[in-house]
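These notes are about the structure you will find just below.
Numbering (the numbering used here), first residue to last: 2 to 149.
Here is the structure:
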């Protein structure tokens with residue numbers, strides 16, 4: 002029996018307003034996170050260094066900045082990805098987790114003192130699975146062109 006780590010997590014809130022499709026590695030070799038917020042909201046795409054990960058004892062915290070202002074603060078979206086082991090490449094596991102929307106105050110936010118982050122928690126559920134990134138694998142293993 003193989004021990005395989007999933008590389009794709011497709012999650013959504015019970016009302017369907019928040020949807021997350023996160024791949025730890027895509028065909029380009031970089032992580033990709035697609036986020037939908039709000040009913041019928043647009044899909045926002047994040048890739049590579051736009052995605053921050055932090056391994057903790059409770060799972061991997063995956064975060065993206067969804068709104069940034071020069072001095073009034075920012076908003077970030079994070080999702081906690083639990084540790085999951087698959088038994089085969091075709092296996093998938095149902096997971097439940099939390100997303101966190103964090104509103105950060107900026108240097109000119111009012112009031113200057115007090116709480117600088119507020120949180121909104123969103124329960125998510127979905128599936129952890131393994132997907133092949135065939136295009137990236139083909140590009141990585143493509144033999145060099147013959148010299149003329």
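Positions of the beta carbon are idealized from the N, C-alpha and C atoms, including for glycine.
- Message: For residue 23, count the other beta carbons within 10 Å of its own beta carbon; 16 or more makes it buried, fewer makes it exposed. Which is it?
- Response: Residue 23 comes out buried.
- Query: Roughly how many whole angstroms lie between the Cα atoms of residue 84 and residue 73?
  - Reply: Roughly 36 Å separates the two Cα atoms.
- Report yes or no: do the region 119-130 and the region 95-109 share at least 3 C-beta pairs separated by less than 8 Å? yes
- Task: Assuming residue 14 and residue 125 form a contact by the criterion Cβ under 8 Å, report the distance between their Cβ atoms to the nearest whole angstrom.
- Result: Correct: roughly 6 Å between the Cβ atoms.
- Task: Just the C-alpha distance for residue 11 and residue 106, rounded to the nearest angstrom, thanks.
- Result: 30 Å
- Task: Following the continuous beta strand (DSSP E) through residue 58, name the residue where it begins and the one where it ends.
- Result: Neither: residue 58 is in no beta strand (DSSP E) and is coded neither H nor E.
- Message: Out of 21, 64, 7, which one is the CA nearest neighbour of residue 43?
- Response: Residue 43 has its Cα closest to that of 21, out of 21, 64, 7.
- Query: Taking Cβ positions, are residue 34 and residue 19 nearer each other than 9 Å?
  - Reply: no
- What do you get for residue 40, buried or exposed, if any count of 16 or more other CB atoms within 10 angstroms of its CB means buried? By the 16-neighbour rule on beta-carbons within 10 angstroms, residue 40 is exposed.
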